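Engineer: Structure below; questions to follow.
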Amino acid sequence: MLEGLSDSLTKTMKKLAGMSVIDKKTLKEVNKDIQKALIQSDVNIKVVFALSKKIEKRALEEELPKGLSPKEHVMRIVYQELVNLIGEKPEKLEITHKPYIIMMLGLQGSGKTTTTAKLARHLKKKGYNSAIICTDTWRPAAYEQLRQLTEPMDVPVFGDPENKDAIDLAKKGLAECEDKYDVILVDTAGRHKEEQDLLDEMSELSQVVEPDEVILVIDGTIGQQARSQAETFKHTTDIGSIIVSKLDGSAKGGGALSAVAEIKAPIKFIGTGERVDDFEAFDPERFISRLLGMGDIETLIEKAEEVTSAKSEQEMLDSIVSGKFTLKDMENQLTMMNKMGPVQQIMKLIPGIGNQLPANASKITEEKLGMYKILMQSMTDYELENPEVIKKSRIQRISRGAGLTNDDVKDLLRYYSITKKALKGMGKRNMGGPMGKLMRHMSR
């Protein structure tokens, strides 16, 4: 998620953590790095320079908080100002009554239809029984796309590809769904800002549907153009909240988030990948924590709760905190992490790991994960519980049994050693030295 911006900001924070003196000169150096990173992510240049001035002013004028060193104080200020840049607090989707009707809007290509399915999946995980009404009569494949996306999650889609009357589809869908579901999602046709007929249809649909909330889906790849897009839709209908999609592969995602926040439009969710589960509630503090390489343990726990029982989740957390981490633990955790999403994304949620592992470890591929599991299946229970006994003869036996090489076994053991070391540091509350101290002071 926003890999380029994250890498740049993480390097800046590491650089700041290593500085021996914090003065005007070093502050300008840090600010220059932050400016470069944000401008490359298409954040408005005026906004970037205003943020830089705030950081410098606060760093030079604010009294040093008790328990923080000067560089930790500056790191804390950078964190807080970046949070303010994209929104001060999370805005939750509140289902206040049933059925709660949500109307989905967005330009063509914004990912609105896929996002509608992702929102339905999110609601299902939260215990809500939802249905989708497809009123997109402009794109022939819209109904079929929704049906294919939602069929595995048992969410019904109401629509008729032969019916070209969006208003009629909405009325019939509402009549069918009204008393049966907790939440009804109305997917509308993607439109261009200039297409007045579609904007008129959107306005008429809104009057017929009488939604409890209107959600605008904005493509994260458009950067700071998101501001004018959001403003255009706000003039046509009452936008209640925004979802920013496609943040996984976007170099301009920072610009989109900051532009939307600038006009005080509440971002409630973000799309973080192509899978239907790559979708999460937007929390500015958690988001910036991840961008700065500090992890996001709360999101990690939430994801774990979705795929594990309470017992296995507690066992996972106990092994992380205690530092008693075996290959068997790692096998179980990698399996669970694979269910939670792409491994490299999950690793970055763990404080003290995402910014410590070498690139080839933090960006472990699904293919390599499969190789590791095959190797561990070739080990005895004793070896899995006591990895330190795996030496030359055992390495040869394990590689032969798995049909792989000795170097593959050594690669697995290196990965295990690095992971165990990082987790042990987390258990002692080190979390990466100065970075860990910073995390403990963030909420002060």
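So in our numbering, spot 14 of the sequence shown is number 333, and the numbers just go up one at a time.
Ideal Cβ placement from N, Cα and C applies to all residues, glycine included.
Just so we're clear, the structure is a prediction, and the values are computed from it rather than from any experiment.
Return the chain-ordered list of same chain residues with a C-beta closer than 8 Å to the C-beta of E529, the five sequence neighbours on each side being excluded.
Structural biologist: By 1-based counting over the sequence shown, the position of residue 529 is 210. Only I420 meet the Cβ criterion.
Engineer: What number of angstroms, rounded off, separates the C-alpha of C453 from the C-alpha of G592?
Structural biologist: Start at 1 with the first residue of the sequence shown, and residue 453 comes out as number 134. Start at 1 with the first residue of the sequence shown, and residue 592 comes out as number 273. Their backbone Cα atoms lie some 23 Å apart in a straight line.
Engineer: Closer than 8 Å by C-beta to L383: which residues in its own chain qualify, once you throw out the five before and the five after it? Chain order, please.
Structural biologist: Walking along the sequence shown from the start, residue 383 turns up at place 64. Cβ neighbours of L383 beyond the five flanking positions: P389, H392.
Engineer: Taking just the CA atoms, how far does E470 sit from A436?
Structural biologist: Within the sequence shown, the letter at position 117 stands for residue 436. Within the sequence shown, the letter at position 151 stands for residue 470. Rounded to whole angstroms, A436 to E470 spans 10 Å at the Cα level.
Engineer: Work out the CA separation of K408 and E375 for me, nearest whole Å.
Structural biologist: The residue given as residue 375 occupies position 56 in the sequence shown. The residue given as residue 408 occupies position 89 in the sequence shown. In this structure, the straight-line span from the alpha carbon of E375 to that of K408 is close to 23 Å.
Engineer: Mind reading off the beta-carbon distance from D352 to T331? Whole number of angstroms is fine, and I expect it under 8 Å.
Structural biologist: Residue 352 sits at position 33 when you count from the first residue of the sequence shown. Residue 331 sits at position 12 when you count from the first residue of the sequence shown. That belief holds up - the Cβ atoms of D352 and T331 are roughly 4 Å apart, short of 8 Å.
Engineer: Suppose you measure from the CA of F644 to the CA of S736; what does that come to, to the nearest Å?
Structural biologist: Numbered from its first residue, the sequence shown carries residue 644 at position 325. Numbered from its first residue, the sequence shown carries residue 736 at position 417. Distance between the alpha carbons of F644 and S736 is about 10 Å.
Engineer: DSSP three-state call for I452: helix, strand or coil?
Structural biologist: Along the sequence shown, read from residue 1 onward, the residue named residue 452 stands at position 133. Strand, per DSSP.
Engineer: Between the alpha carbons of M422 and D506, how many angstroms are there, rounded?
Structural biologist: In the sequence shown, residue 422 corresponds to position 103, counting from 1. In the sequence shown, residue 506 corresponds to position 187, counting from 1. In a straight line, the C-alpha of M422 is about 6 Å away from that of D506.
Engineer: In the DSSP assignment, what are the bridge partners of S564?
Structural biologist: Walking along the sequence shown from the start, residue 564 turns up at place 245. Paired residues: D538.
Engineer: Give the secondary structure of Y500 by DSSP, where H, G and I count as helix, E and B as strand, and everything else as coil.
Structural biologist: Mapped onto the sequence shown, residue 500 falls at position 181. Coil at Y500, not helix or strand.
Engineer: DSSP state of V505, grouped into three classes?
Structural biologist: Position 186 of the sequence shown, counting from 1, holds the residue named residue 505. Strand at V505.
Engineer: Cutting at 6 Å between CB atoms, please list the residues of its own chain near A721, excluding the five before and the five after it.
Structural biologist: Here residue 721 refers to the residue found at position 402 of the sequence shown. The answer, listed in chain order, is I693, L694, S697.
Engineer: Helix, strand or coil, according to DSSP, for F588 in the structure here?
Structural biologist: Taking the first residue of the sequence shown as position 1, residue 588 is located at position 269. Reduced to three states, the DSSP call for F588 is strand.
Engineer: In the DSSP assignment, the beta strand (DSSP E) including A600 goes from what residue to what residue?
Structural biologist: On the sequence shown, residue 600 is found 281 positions in, with the first residue counted as 1. Residues 598–600.
Engineer: State the Cα-Cα distance for the pair E463 and R440, rounded to the nearest angstrom.
Structural biologist: As a working note, residue 463 is residue 144 in the sequence shown. As a working note, residue 440 is residue 121 in the sequence shown. In a straight line, the C-alpha of E463 is about 17 Å away from that of R440.
Engineer: In whole angstroms, what separates the C-alpha of V476 from that of G542?
Structural biologist: The sequence position of residue 476 within the sequence shown is 157, counting from 1. The sequence position of residue 542 within the sequence shown is 223, counting from 1. Answer to the nearest angstrom: the Cα atoms are 32 Å apart.
Engineer: Distance check for K491 and R733, CA to CA, integer angstroms please.
Structural biologist: Your numbering for residue 733 matches position 414 in the sequence shown. Your numbering for residue 491 matches position 172 in the sequence shown. Each residue's alpha carbon lies about 60 Å from the other.
Engineer: According to the Cβ coordinates, are S360 and L324 closer than 8 Å?
Structural biologist: Locating residue 360 in the sequence shown gives position 41, where the first residue counts as 1. Locating residue 324 in the sequence shown gives position 5, where the first residue counts as 1. Yes.
Engineer: Can you tell me which of M394, T540, A460 puts its alpha carbon nearest to the alpha carbon of G778?
Structural biologist: Lying outside 320 to 763, the shown extent of the chain, residue 778 is not represented and no answer is given.
Engineer: Does the beta-carbon distance from S577 to V366 come in below 8 Å?
Structural biologist: By 1-based counting over the sequence shown, the position of residue 577 is 258. By 1-based counting over the sequence shown, the position of residue 366 is 47. Yes.
Engineer: Quick check on this structure: which residue in K571, I562, E581 has the alpha carbon closest to the alpha carbon of F601?
Structural biologist: In the sequence shown, counting from the first residue as 1, residue 601 sits at position 282. Considering only alpha carbons, the answer is I562.
Engineer: Could you give the DSSP three-state label for F477: helix, strand or coil?
Structural biologist: The count along the sequence shown starts at 1 and reaches residue 477 at position 158. In this structure, F477 counts as strand in the three-state DSSP scheme.
Engineer: Out of R458, F368, S564, which one is the CA nearest neighbour of F588?
Structural biologist: Within the sequence shown, residue 588 is the residue found at index 269, counting from 1. Nearest option by C-alpha distance: S564.
Engineer: Where N705 and L646 are concerned, what is the direct C-alpha to C-alpha distance, given to the nearest angstrom?
Structural biologist: Locating residue 705 in the sequence shown gives position 386, counting from the first residue. Locating residue 646 in the sequence shown gives position 327, counting from the first residue. Approximately 8 Å, taken between the alpha carbons.
Engineer: Within this structure, are the beta carbons of V402 and I607 separated by less than 8 Å?
Structural biologist: For this step, residue 402 is matched to residue 83 along the sequence shown. For this step, residue 607 is matched to residue 288 along the sequence shown. Note that the C-beta distance between V402 and I607 is below 8 Å.
Engineer: In this structure, how does DSSP classify L424 when only helix, strand and coil are distinguished?
Structural biologist: Here residue 424 refers to the residue found at position 105 of the sequence shown. It is a strand residue.
Engineer: Which whole-angstrom value describes the C-beta separation of S449 and V536, a residue pair presumed to lie in contact below a C-beta threshold of 8 Å?
Structural biologist: On the sequence shown, residue 449 is found 130 positions in, with the first residue counted as 1. On the sequence shown, residue 536 is found 217 positions in, with the first residue counted as 1. Incorrect: roughly 17 Å between the Cβ atoms, too far for contact.
Engineer: Quick one: Cα of Y398 to Cα of L387, how far?
Structural biologist: Here residue 398 refers to the residue found at position 79 of the sequence shown. Here residue 387 refers to the residue found at position 68 of the sequence shown. Each residue's Cα considered, the two are about 14 Å apart.
Engineer: Check whether the Cβ atoms of T551 and K571 lie closer than 8 Å to each other.
Structural biologist: Position 232 of the sequence shown holds residue 551. Position 252 of the sequence shown holds residue 571. No, the Cβ-Cβ distance between T551 and K571 is not below 8 Å.
Engineer: Leaving out the 5 sequence neighbours to the left and right, which residues in its chain are closer than 7 Å to K739 when beta-carbon positions are compared?
Structural biologist: Within the sequence shown, residue 739 is the residue found at index 420, counting from 1. Taken in chain order, the residues that qualify are F644.
Engineer: Since G509 and R458 are thought to touch, with beta carbons under 8 Å apart, how far apart are those beta carbons, to the nearest angstrom?
Structural biologist: Here residue 509 refers to the residue found at position 190 when the sequence shown is read from its first residue. Here residue 458 refers to the residue found at position 139 when the sequence shown is read from its first residue. Cβ-Cβ separation between G509 and R458: approximately 7 Å, consistent with a contact (criterion under 8 Å).
Engineer: May I ask which residues mark the beginning and end of the alpha helix (DSSP H) holding E604?
Structural biologist: As a working note, residue 604 is residue 285 in the sequence shown. Here the alpha helix (DSSP H) through E604 covers 603–610.
Engineer: Could you compute how far the alpha carbon of V349 sits from the alpha carbon of L566?
Structural biologist: Translated into the one-based positions of the sequence shown, residue 349 becomes position 30. Translated into the one-based positions of the sequence shown, residue 566 becomes position 247. So the alpha carbons of these two residues sit roughly 25 Å apart.
Engineer: In angstroms, rounded to a whole number, what distance separates the CA positions of K355 and F368?
Structural biologist: Within the sequence shown, the letter at position 36 stands for residue 355. Within the sequence shown, the letter at position 49 stands for residue 368. Taking the CA atoms as reference points, K355 sits about 11 Å from F368.
Engineer: Would you report the Cα separation of L412 and D473, rounded to the nearest angstrom?
Structural biologist: On the sequence shown, residue 412 is found 93 positions in, with the first residue counted as 1. On the sequence shown, residue 473 is found 154 positions in, with the first residue counted as 1. Near 22 Å, if we compare the C-alpha coordinates of D473 and L412.
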